[in-house]
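Numbering (this note's numbering), first residue to last: 3 to 209.
Cβ coordinates follow ideal geometry from the N, Cα and C atoms, glycine included.
Data first, discussion second: the structure below is written as structure tokens.
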Amino acid sequence: MSSKRYFDEVARQWDEMREEFFSDTVRERALAVACVEPGKLAADIGAGTGFITEALIRAGLKVITVDQSEAMLEEMHRKFAAVEGIDYRVGEAEHLPISSESIDYVFANMYLHHVETPPKAIAEMTRILKPGGKMVITDLDEHQYEFLRTEQQDRWLGFKREDIEKWFKDAGLEDVTIDCVDDDCCAQSKCGCDSANISIFVASGVK
Ligand SMILES: C[S@@+](CC[C@H](N)C(=O)[O-])C[C@H]1O[C@@H](n2cnc3c(N)ncnc32)[C@H](O)[C@@H]1O
Numbered sequence: 003m004s005s006k007r008y009f010d011e012v013a014r015q016w017d018e019m020r021e022e023f024f025s026d027t028v029r030e031r032a033l034a035v036a037c038v039e040p041g042k043l044a045a046d047i048g049a050g051t052g053f054i055t056e057a058l059i060r061a062g063l064k065v066i067t068v069d070q071s072e073a074m075l076e077e078m079h080r081k082f083a084a085v086e087g088i089d090y091r092v093g094e095a096e097h098l099p100i101s102s103e104s105i106d107y108v109f110a111n112m113y114l115h116h117v118e119t120p121p122k123a124i125a126e127m128t129r130i131l132k133p134g135g136k137m138v139i140t141d142l143d144e145h146q147y148e149f150l151r152t153e154q155q156d157r158w159l160g161f162k163r164e165d166i167e168k169w170f171k172d173a174g175l176e177d178v179t180i181d182c183v184d185d186d187c188c189a190q191s192k193c194g195c196d197s198a199n200i201s202i203f204v205a206s207g208v209k
């Protein structure tokens with residue numbers, strides 16, 4: 003099954019699933035690392051049903067959300083129909099539907115381990131950042147839980163932090179930092195015979 007089809011199918015249950023995987027600490031850390039300022043424009047890439055977007059709107063930012071899955075975006079729209087300041091766009095990792103150098107902050111939570119070519123996705127997210135803009139990625143450290151590939155369409159079993167640092171620098175980002183979120187991603191395999199507990203990193207860089 004493709005990742006798009008998987009997320010189209012789980013869209014209605016995603017919020018419930020996500021609450022089992024990780025906590026609000028992830029978005030709190032992501033926004034704190036970015037030092038977001040109200041009134042600025044952020045992009046939430048691989049936005050899903052709006053976990054990061056919701057926190058950005060609460061912090062007083064406007065948000066362009068991008069996802070390959072129409073169903074995930076529709077679910078976000080259904081939840082936030084009355085909320086102003088969210089622009090919903092269907093798009094793909096390597097061709098984001100956002101103009102170059104137009105965004106103050108780019109966020110991507112639990113998105114990178116689904117894309118085909120992570121360094122290209124990072125370069126594309128860097129393209130849309132204004133000079134001086136900040137990118138913050140929260141994702142999984144390298145792990146061994148194969149069932150996440152077959153059951154949740156994860157393409158990459160997390161990442162080595164040194165690879166993330168290199169890809170950020172290769173994309174032209176400076177002041178690159180990578181730290182622990184102090185929260186783990188937890189998941190149980192369908193058969194109940196394996197359970198994952200994976201540390202989460204927060205990586206940031208400035209264009
Ligand atoms: C694990 S979910 C995370 C959703 C959201 N960021 C959250 O924290 O709840 C990954 C999201 O990335 C999207 N995605 C995966 N690969 C993508 C790609 N190549 N281009 C655009 N979106 C993609 C999926 O459709 C899905 O909504």
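Neighbour-count burial assignment, S71, 16 or more Cβ in a 10 Å radius: With 16 or more Cβ atoms within 10 Å of its Cβ, S71 is classed as buried.
DSSP bridge partner residues for G194 (one or two, in chain order): Answer is none; G194 lacks a bridge partner.
One or two residues paired with D207 in a DSSP bridge: The question names Asp, but residue 207 in the sequence shown is Gly. G207 is bridged to M137.
Other residues of its chain near G87: CB distance less than 7 Å, five sequence neighbours each side excluded: Close CB contacts of G87 within its chain, under the 7 Å cut and outside five residues either way in sequence, are with I59, K64, V65 (chain order).
Uninterrupted alpha helix (DSSP H) stretches inside the region 88-164 (no shorter than 4 residues): List check, alpha helix (DSSP H) in window: 120-130, 149-154.
Environment of E1 [buried if 16+ CB atoms lie within 10 Å]: The structure shown does not extend to residue 1, since the chain is modelled only from 3 to 209, so the question has no answer here.
Check whether A173 and I124 have beta carbons under 8 Å apart: Cβ atoms of A173 and I124: closer than 8 Å.
CA nearest to the CA of V208, picked from F9, C195, K132: That would be K132, whose Cα lies nearest to the Cα of V208.
Inter-stretch contact (C-beta, 8 Å, three-pair minimum) for the region 174-181 and the region 142-152: Too few Cβ pairs lie closer than 8 Å, so no.
At least three beta-carbon pairs within less than 8 Å, the region 112-123 to the region 157-166: Result yes; three or more Cβ-Cβ pairs closer than 8 Å.
Distance, S191 Cα to I139 Cα: If I take the Cα positions, the gap works out to 25 Å.
Residues near G62 in its chain [Cβ-Cβ closer than 6 Å; skip 5 each side]: If we look at G62 and ignore the five residues flanking it on each side, its Cβ neighbours are P40.
Cβ-Cβ separation, R29 to F53 (assumed contact under 8 Å), whole Å: In this structure F53 touches R29 by the C-beta definition: roughly 6 Å separates them, less than 8 Å.
Contact test: Q15 Cβ vs ligand 1 heavy atom, cutoff 7 Å: Incorrect: Q15 has no Cβ contact closer than 7 Å to ligand 1.
L98 vs T128 beta-carbon contact at 8 Å: No.
Local Cβ density within 10 Å of A49, reported as buried at 16 or more and exposed below that: Label assigned to A49: buried.
K171, buried or exposed, once every other Cβ within 10 Å from all chains shown has been counted against 16: So K171 counts as exposed.
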